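Residue numbers (the UniProt record's numbering): 1 to 181.
Glycine included, C-beta positions come from ideal geometry on N, C-alpha and C.
In this text the structure is predicted, and so the values were computed from the model without any measurement.
Here's the structure, in structure tokens; my notes come after.
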């Protein structure tokens, strides 16, 4: 059965996007990462937040713009939103509630990962008890402000079990299993 994995690159001070959702900071930290390269083949579907789906792209202005993992992955995407566009987008399904989106993404992923993209969707998955793992790729930069990796005010702590720590050029990969009490 599919597992939900939240993966993102974050600054050392815990931001996955800069102020206003700016992703341009990430461009300098993209590059060969064997952990991500191996993960891409294990992803069966994406569960994406609306702001992430329509937001800034670190590949802006290149042939990789608008493509998951810079074009390294293709497949079904499920975008969690209350405001679906009128235009049909191939391989993208807009879903209005978390439970339906998670089920649809898991069904599409089969035995592979559902990769969660977007801090708010990841928080909703965590709060619903359906997020299984977290892969944070830590970049050596301090953004100072922006979109936090998790913003769970007044929701208590969540224990994580370290699965592995790996190094890649200019980043550190931290992989955890979420442990719900």
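Open item on the list: Suppose the cutoff is 7 Å on Cβ atoms and the five residues either side in sequence are ignored; what does the same chain contact list for residue 179 look like?
Closed with: Locating residue 179 in the chain shown gives position 179, counting from the first residue. Only 159, 160, 161 meet the Cβ criterion.
Task: Straight-line gap, residue 13 to residue 144 (C-alpha atoms, nearest Å) - done: Position 13 of the chain shown, counted from the start, is the residue given in the question as residue 13. Position 144 of the chain shown, counted from the start, is the residue given in the question as residue 144. Distance between the alpha carbons of residue 13 and residue 144: 7 Å.
Task: Rounded separation between residue 52 and residue 165 - CA only - done: If you number the chain shown from 1, residue 52 lands on position 52. If you number the chain shown from 1, residue 165 lands on position 165. About 26 Å.
Open item on the list: Just to confirm before moving on: does the CB-CB distance between residue 198 and residue 80 stay below 8 Å?
Closed with: Residue 198 cannot be examined here, being either before or after the span of the chain that is shown, 1 to 181.
- [ ] With DSSP as the reference, label residue 51 as helix, strand or coil.
- [x] Here the question's residue 51 lines up with position 51 in the chain shown. Looking at residue 51 - three-state DSSP - the assignment turns out to be helix.
Open item on the list: Measuring alpha carbon to alpha carbon, tell me which residue in 105, 150, 84, 119 is nearest residue 2.
Closed with: Taking the chain shown and counting its residues from 1, one reaches residue 2 at position 2. When only C-alpha atoms are compared, the closest one is 105.
Open item on the list: If you reduce the DSSP assignment to three classes, tell me which class residue 122 lands in.
Closed with: Within the chain shown, the letter at position 122 stands for residue 122. Note: residue 122 maps to helix in three-state DSSP.
Task: From 45, 153, 111, residue whose alpha carbon lies closest to that of residue 75 - done: Indexing the chain shown from 1 puts residue 75 at position 75. Measuring from the Cα of residue 75, the nearest candidate turns out to be 45.
Open item on the list: Beta-carbon within less than 6 Å of residue 19's beta-carbon, same chain only, minus the 5 sequence neighbours each way: which residues are those?
Closed with: Residue 19 sits at position 19 when you count from the first residue of the chain shown. Answer for residue 19: 145, 146, listed in chain order.
Open item on the list: Just to confirm my understanding: we take residue 73, look at its own chain, exclude 5 residues before and 5 after, and list those with CB closer than 7 Å. What are they?
Closed with: The residue labelled residue 73 in the question sits at position 73 within the chain shown. Cβ neighbours of residue 73 beyond the five flanking positions: 40, 43.
TODO: Could you tell me the distance, in whole angstroms, from the CA atom of residue 113 to the CA atom of residue 36?
DONE: Stepping through the chain shown from its first residue, residue 113 is reached at position 113. Stepping through the chain shown from its first residue, residue 36 is reached at position 36. Cα-Cα distance, rounded: 13 Å.
TODO: Could you check what DSSP says for residue 159 in three-state terms: helix, strand or coil?
DONE: For the purposes of this step, residue 159 is taken as residue 159 along the chain shown, with counting starting at 1. Reduced to three states, the DSSP call for residue 159 is strand.
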